[in-house]
Amino acid sequence: MPSASSFVSISPLSHFYLLEVVRSFLSLQLDERTLNKIDQLFSVGIGDHIHLPQLVVVGDQSSGKSSVLEGLTRLPFPRDSGLCTRFATQITFRRAPQSAISVSIIPAKSTSAEDADRLRAWQKKDLKELDIKSFSDIMREVNAVMKLKNSDGEGGSETFSQNVLKLDVSGPDQEHFSIVDVPGIFRVATEGITTDADKDMVREMVQSYMRNQRSVMLAVIPANVDVATQEILTLAKEHDPDGRRTIGVLTKPDLVDQGAEQGVMDLVNGLKHKLRLGWSIVRNLSQNQLQSQAAQRAALEEKFFANTEPWNRLHRDRVGILSLKSRLAEILASLIRHEFPKVKLEINKQLNEAKQEALKLGPSRVTAFEQQKYLLTLSTEFQKIVATALRADYYANAWFSNSKERRIATFAVDLNERFGKDMHALGHLYSFASPEERQTDEDDTEYPEDWELSSDDSDGISFKIDKNEPDLTVLDYGTDPTYFKYPKDGILAWISNIHRKSRGFELGTFNTNLLAAAMNAQSRNWRALALNYISILITKSHGFVKSLLTEICPDDSVRDALLSALMDDLLEIYQNAINHVNFLLRIERSGVPATLNHYFNENLQKSRQDRVRSSLEEHSFECNELDGKKSKAIRVQDVKQTSNMSNSEHVVLEIHDILEAYYKVALKRFTDNVAMQAADNFLINGPVTPLKLFSPAFVAALSEEQLAAICEEDNGLKRKRNNLEKKIQDLQMAKKIIA
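See the structure below:
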């Protein structure tokens, strides 16, 4: 505690004038332009988006908060014994050549546009003074404009409001100062006036100001109560655990019980409940002193603290309203100087973030024209990326670098090569008898990794549709079995068997229907191979479409609705591709074997010649020709032995050779047709493919009802867009203010 010698005895009035000089000096330290900018930011509602530096008066009802505010502002706040402050009040003082007072309302963020315009329209400008009567009249008007109940619980529909009353006071004798008063918290509702819901609303309103990390809280507490029981201190501790932005203000020292003064003294001297900004103590005016002028009030208060034990032992910078205001002016100046650069940075940051979020929402989609324009933009971008994908120009767009499966052209080419190899290695039921075509090691045969071995037959493969795309489970692949066995040896025995079972009265030849039946059986694996191939490409094409829609359309609801609108046409295209595979299978496997390809005859002649040559080589021997060169020869009588076979054996070999020659031609034809017609034409490069479906032409054909179903904004999105537009507008205005 400071010694008595550290205090200078001066008259109360002299002390008042001295403090006025100090206060004026401190106010000059605050950049007038900066304070004005902060005030303008509050006026345009930036406080809804960004925490702004401010002084906030908080406390319980009947804590003396109104008296403190009146002392700080020198404004005659009306005292309604039935109800305390019902809304936040922001009071700003600034020095100006002419005296003027203006009153306005800042609508709450949640206020509708219509009500916000109505509230902003209410203003009082160029008032010369505010006495108790005129101030009371204004407050009654404000209550009516905000549709609040009066002290009797009559009138409007609400008791408290989130709107902010703004008072601007300017004049040549004013210092730059700003403070916010919020309703006092209360624990018990008043029947007929307040409710528990009002209690919760006020508590949340007060805490919303206390959460502001750039605010300094004036926690007003009566000195005649135990501070440990004061809820406002608990809330301050919750939102300011370090106590770096809380200043304690004790009121009603004249009501402190005898013997309890030392506890109050310990608070003011920082011995208990330490706060970095410390404690101050002020004396409220009595009822008959309420009409006193500011100078008279200061003198009365100074007299009390100078002459009353034990308060006269407190340091002068901790007692009285003038001392408190001087401290607050200094704190506010320091607060704004420290926080204003951060406010500027945050305004720019939030503006950029809001613009990015607005970009994700895309343009407004209220009218049919806006909706069509929006989808045309999406479809144009979609087709631009599709064209890039089909050109395999993957380095033109970073989207392709995130997944190999997005490289649809490369995937299709790789799949085609794999399909061709699989058809050659696995397409036939039996390996042909010629050595060069025979498969020597079944275990080395490669088969598609998408297939699974049948659980009940390890000698075969069963084709299964990819279950990762539930959209595609409705596709009809037909009822024929999609299971086959690996190619095996024994084709001559097989042909001999089916020949014996189908012989007629042919002489030296065979039933022409036998070749078609043999071809159908020999190509039984084609169905599983071809349908597996086309199903893989369908799945990947569908995945490409969905992935690209996600890339260009971040709005989940629009994307889902768009995919739903495309789905019927997509499924039709996929089904057409499947149907075309089945059509080609029917032509090749169930139709009459036919070809105009000259390779059939060449292959047949070669097979016959190879068979004869192989037979003759068994009876050949080496001999010397006239020029001395060695060659192979055969005796004439041995030729007869090479052709010594039964008619049935001859027919079996003939069937084998014809089947082999035709199978080779049909295999290449079928493989090419499936790849070019069913796959490429229907799924990749054709005029109507899944990749080309979502196009400007598709959008142009949509009706207004379809456009609305796809991309009309729901109420939630409209609110979000309106809020974003309002936020961007506010922040852009704020950016101009701080420039």
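Going by this note's numbering, the first residue of the sequence shown is number 5, and it counts up by one from there. Backbone N, C-alpha and C define an ideal beta-carbon position, used for all residues, glycine too.
- Here Cys627 is exposed: its Cβ has fewer than 16 other Cβ atoms, across all protein chains shown, within 10 Å.
- With fewer than 16 neighbouring CB atoms inside 10 Å of its own CB, His654 falls in the exposed class.
- Straight across, the Cα-Cα distance linking Ala413 with Asp397 is about 10 Å.
- Cβ-Cβ distances below 7 Å link Met205 to Phe164 in the same chain, with the five nearest sequence neighbours on each side left out; the list follows chain order.
- Distance between Asn356 and Leu728, taken at the CA atoms: about 12 Å.
- DSSP places Lys346 inside the alpha helix (DSSP H), whose first and last residues are 325-365.
- At a Cβ-Cβ threshold of 8 Å, Val596 and Ala520 count as neighbours.
- In this chain, Asp52 is not harboured by any beta strand (DSSP E), its DSSP state being neither H nor E.
- Short of 6 Å from the beta carbon of Tyr578, and not among the five residues preceding or following it, lie these beta carbons of its own chain, in chain order: Leu479, Ile542.
- Taking the C-beta atoms as reference points, Asp185 is found nearer than 8 Å to Thr93.
- One Cα belongs to Gln44, the other to Leu56, and the distance between them is close to 11 Å.
- In the three-state reduction of the DSSP assignment, Gly68 falls in the coil class.
- Within the DSSP bridge table, the entry for Glu162 names Leu152 as partners.
- Around Asn580, the same chain offers Phe686 as residues with beta carbons nearer than 8 Å, after the five sequence neighbours per side are excluded.
- In the three-state scheme derived from DSSP, where H, G and I count as helix and E and B as strand, Trp283 is classed as strand.
- Rounded to whole angstroms, the separation of the alpha carbons of Gln736 and Asn352 is 9 Å.
- Shown here for Arg369: same chain residues with a beta carbon closer than 7 Å to its own, the five before and five after excluded, namely Gln375, Tyr378, Cys715, Glu716, Glu717 in chain order.
- Judged by DSSP secondary structure, Ala534 falls within the alpha helix (DSSP H) whose first and last residues are 530-556.
- The Cβ atoms of Ile189 and Val173 do not sit closer than 8 Å to each other.
- For Thr38, the three-state secondary structure derived from DSSP is helix.
- For Met209, the enclosing alpha helix (DSSP H) begins and ends at 200-214.
- According to the DSSP assignment, Ala396 belongs to no alpha helix (DSSP H), since it is labelled neither H nor E.
- Residue burial is scored here from C-beta neighbours: Asp64 has at least 16 other C-beta atoms within 10 angstroms and is therefore classed as buried.
- The Cβ atoms of Leu134 and Pro82 do not sit closer than 8 Å to each other.
- Distance from the Cα of Tyr666 is smallest, within the candidate group Leu608, Ala400, Ile688, Ser551, for Leu608.
- Here the segment 261-277 makes no contact with the segment 298-309; the two share fewer than three CB pairs at distances below 8 Å.
- According to the DSSP secondary-structure assignment, Tyr603 is paired through a beta bridge with no residue.
- When beta bridges are read from the DSSP output, Lys128 appears opposite Val107.
- Taking the Cβ atoms as the reference, Ala227 lies roughly 5 Å from Val260, within the contact range of under 8 Å.
- From the listed residues Lys153, Phe604, Met150, Ser182, the smallest Cα separation to Asn40 is found for Ser182.
- Beta bridge pairing from DSSP links Gly63 with Val224.
- If you compare the alpha carbons of Phe373, Arg317, Gln681, Arg410 with that of Phe587, the shortest gap goes to Gln681.
- In this chain, the beta strand (DSSP E) harbouring Gln94 covers 92-99.
- By DSSP's assignment, Val173 forms a beta bridge with Phe97, Ile105.
- Looking at the DSSP output, Leu254 shares a beta bridge with Ile225, Ile285.
- In the DSSP annotation of this structure, the continuous segment of the beta strand (DSSP E) that includes Val184 starts and ends at 181-185.
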